Amino acid sequence: MQGDFQIAWEVMKWPLAACLVLPPLLVYLGLHVVEREVIFVDLALAQVATLGTCVALIMGHDLKEPIAFWISLGVTFLAAALFSWSRSSAKRHVPQEAIIGITFVVAAAGVILLLSRVAGGKEELENLLTGDVLNVTKAEVGQRAAIFAVLAGFYGAFHKRFALISSDPEGARAQGLKVRLWDFLFYAAFALVVVSFVRLAGVLLTFAYLIVPAVCAVMLASRWRARLVIGWVIAAAASLLGLWASYRLDLPTGAAIVCACGLLLIAVSGYAVVRRA
């Protein structure tokens, strides 16, 4: 028994660290996304980040090279600028969700087209969607933890402004805030988070961590602090359940965690319905 535990620990310790240390910032951003009612903005940014990675592949760079990261981040910054502009336009005849949806579809189609020109493109596409969190290394976890800590400090320092802009952009304008500028800063930092995590865990797991814990938290609490705590607990529980199922049943790790998020969302939804009744 002790030998089995030792083997499991050696295999899963860094995936476990990645799935416990990194998602809290994603949960915080997910709460903003839910508040803004632009649920698919994170999926669109993740897909754009994947498109940038594919551009780097077409240019002959390896996924592990720093240039691939910077190309992906640059493309995602362009999408961040588009989303901040589309939300801040005073007279919008086209809903922002439409622009987000179009961005996602075009980016997804671009990924398919580019990978059709790469040897082993289907395998690369699957890897970009589901990630390879099981093989994450100590260095990768440490690097992303440092980036996320800096970004968490940034969001923490300006939380009141971001929260006001997310919930009441017109009120923020009335108070003299430059909403378009702060919206761009929000989405630019968001893009850095997404690019960093997508390269580690894939598009699907990034979206699951951003949205599912936040939706669960909104169902159960009304205050920001309570929602953050609940979201972190849900993310941690889904990570532990998914990693356990992946190890015991030999399942793809990212997909197992995403399904665990779905099961927890169903359970929380049932509890919320019963509590209201």
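Just so we're aligned, residue 1 is where the sequence shown starts under this note's numbering, counting upward by one.
All C-beta atoms, glycine included, are put in the ideal place defined by N, C-alpha and C.
It should be emphasised that the depicted structure is a prediction, and the values quoted were computed from it without experimental measurement.
- Message: Does the CB of Ala277 have a neighbour CB from chain C at under 9 Å?
- Response: Within the model displayed, chain C is absent; a lone protein chain is all it includes.
_CA-to-CA distance, Tyr209 to Val268, given in whole angstroms_ = 15 Å
Residues near Lys138 by beta carbon distance below 7 Å, same chain, minus five either side
Trp14
Residues of its chain near Val215, where Cβ-Cβ distance is below 7 Å and the 5 sequence neighbours each way are ignored: Val34, Leu265
Run through DSSP, which three-state label would Gln96 get?
helix
| Near Val218, what residues of its chain come up, given a Cβ to Cβ distance below 7 Å and the 5 sequence neighbours on each side ignored? | Val34, Arg227
Please list, in chain order, all residues of the same chain as Val38 whose beta carbon is under 7 Å from its beta carbon, the five residues on each side excluded.
Gln96, Glu97, Ile100
Kindly give me the distance between the Cβ atoms of Ala245 and Ala256, rounded to whole angstroms, as I take these residues to be in contact under 8 Å.
5 Å
7 Å Cβ shell around Phe104 - same chain, five flanking residues per side excluded = Phe40, Leu43, Ala44, Gln47
Rounded to a whole number of angstroms, what is the C-alpha to C-alpha distance between Ile234 and Gly176?
37 Å
Outcome for Ala146 when other beta-carbon atoms lying within 10 angstroms are tallied against a minimum of 16
exposed
So, for Phe154: in the same chain, excluding its five sequence neighbours on each side, which residues have a beta-carbon less than 8 Å away from its beta-carbon? Ala189
Q: Pull up the CB-CB distance for Gly202 and Gly131, whole angstroms please, since I reckon it's below 8 Å.
A: 3 Å
key: Range of the contiguous alpha helix (DSSP H) that encloses Val133   = No alpha helix (DSSP H) holds Val133; DSSP gives it neither H nor E.
Would you report the Cα separation of Leu16 and Arg276, rounded to the nearest angstrom? 35 Å
- prompt: How is Phe69 classed by DSSP in three states: helix, strand or coil?
  reply: helix
Quiz item: In terms of residues, what are the limits of the alpha helix (DSSP H) holding Asp168?
Solution: Where Asp168 is concerned, there is no enclosing alpha helix (DSSP H), given that its DSSP letter is neither H nor E.
Helix or strand or just coil, what does DSSP make of Leu251?
-> coil
Between the alpha carbons of Ala163 and Arg117, how many angstroms are there, rounded? 43 Å
Could you have a look at Lys138 and say whether DSSP puts it in helix, strand or coil?
-> helix
Worksheet entry | Outcome for Arg225 when other beta-carbon atoms lying within 10 angstroms are tallied against a minimum of 16 | exposed
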